[in-house]
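Visitor: Supplied in structure tokens, the structure appears directly below.
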Amino acid sequence: MTTEERLKNHFSQKPHIPDTAYVANEAVLIGDVMLGEFASVWPGCVIRGDINFISIGARTNVQDGTIIHLADDYGVEIGNDVTIGHGAIIHACKVEAECLIGMRATIMDGAIIGRNSIIGAGSLVTPKTLIPSGSLAIGSPAKVVRQLSEEEKANIKNWALKYVKVAAAHKAKFQSG
């Protein structure tokens, strides 16, 4: 499929935003974007599904200023209960469930972040890198430095659940009828 055909196909689609999700008024979602139940997208985010698809899981929070985009060859898949820190760049990659992507981290084309992993703030995950499940990866380029403890894994899930509550409060205050 040519880029022009991809644009026509994906631009014809509108973002799917369930009633339980929160999308800040200052966020921009374009094209083939699907949010899961209770997901949240905060001010200043740009999520652009113009040439491929973007899928964001249930209870996942995409914090302020994050950019999510894709490529002809790779869409974006983000699992359930993921926290994406402020100002991150998520480009044409897969982030499995229950991960924490640190503030200002960048994840590039074809990378896969395994379940229950943390990518440290400011880290760069280079194209086609595989971060194994349960890892802490930091640096530029990001390297696995150790496996996460069970407590750290639980904290990732708890952080996502906390953001569900925060999003509900914001939705009630700023987007009620």
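The opening residue of the sequence shown carries number 176 in this note's numbering; numbering runs sequentially from there.
Even for Gly, the Cβ is constructed at its ideal location relative to N, Cα and C.
This one's a predicted model, so the numbers in the text were calculated from it and none came from an experiment.
Below 8 Å on the Cβ atoms is my contact criterion, and I expect S187 with M209 to pass it. Report the Cβ-Cβ distance as a whole number of Å.
Guide: Against the sequence shown, residue 187 aligns to sequence position 12. Against the sequence shown, residue 209 aligns to sequence position 34. In fact, because the Cβ distance is near 15 Å, the residues do not count as touching under 8 Å.
Visitor: Terminal residues of the continuous alpha helix (DSSP H) containing A335?
Guide: On the sequence shown, position 160 is the one that residue 335 refers to. Element bounds for A335: 325-349.
Visitor: Closer than 8 Å is the cut-off here; do at least three beta carbon pairs connect the region 216-228 with the region 191-200?
Guide: Touching, yes.
Visitor: Tell me the DSSP secondary structure of E180 in three-state form.
Guide: Position 5 of the sequence shown holds residue 180. Correct three-state label for E180: helix.
Visitor: If you draw a straight line from the alpha carbon of C268 to that of L311, how long is it in whole angstroms?
Guide: For the purposes of this step, residue 268 is taken as the residue at position 93 of the sequence shown. For the purposes of this step, residue 311 is taken as the residue at position 136 of the sequence shown. Approximately 18 Å between the Cα atoms of the pair.
Visitor: Return the first residue and the last residue of the beta strand (DSSP E) that K318 is part of.
Guide: Taking the first residue of the sequence shown as position 1, residue 318 is located at position 143. Counting along the chain, the beta strand (DSSP E) containing K318 begins and ends at 317-322.
Visitor: My understanding is that T258 touches M283, with C-beta atoms under 8 Å, so please give their C-beta distance in whole angstroms.
Guide: In the sequence shown, the residue the question calls residue 258 occupies position 83. In the sequence shown, the residue the question calls residue 283 occupies position 108. Wrong, their Cβ atoms sit about 19 Å apart, outside the cutoff.
Visitor: Three-state secondary structure (DSSP) at Y249?
Guide: Within the sequence shown, numbered from 1, the residue matching residue 249 stands at position 74. Residue state, collapsed to three classes: coil.
Visitor: Can you give me the C-alpha to C-alpha distance between E201 and R321, rounded to a whole angstrom?
Guide: Here residue 201 is taken as the residue at index 26 of the sequence shown, counted from 1. Here residue 321 is taken as the residue at index 146 of the sequence shown, counted from 1. If I take the Cα positions, the gap works out to 37 Å.
Visitor: CB-CB under 8 Å to A246, same chain, minus the five flanking residues each way: which ones, in chain order?
Guide: Numbered from 1 along the sequence shown, position 71 holds the residue referred to as residue 246. Once the five neighbours on either side are set aside, the close Cβ partners of A246 are I226, N227, H266, A267, D284.
Visitor: Alpha carbon to alpha carbon, how far is I294 from E326?
Guide: Here residue 294 corresponds to residue number 119 of the sequence shown, with the count starting at 1. Here residue 326 corresponds to residue number 151 of the sequence shown, with the count starting at 1. Approximately 16 Å, taken between the alpha carbons.
Visitor: Does the Cβ-Cβ distance between A296 and A317 come in under 8 Å?
Guide: Taking the first residue of the sequence shown as position 1, residue 296 is located at position 121. Taking the first residue of the sequence shown as position 1, residue 317 is located at position 142. No. Outside cutoff.
Visitor: Quick test of your reading: C220 and T241, contact by CB under 8 Å. State the CB separation rounded to the nearest angstrom.
Guide: The residue you call residue 220 lines up with position 45 of the sequence shown. The residue you call residue 241 lines up with position 66 of the sequence shown. Indeed, because the Cβ distance is near 5 Å, the residues count as touching under 8 Å.
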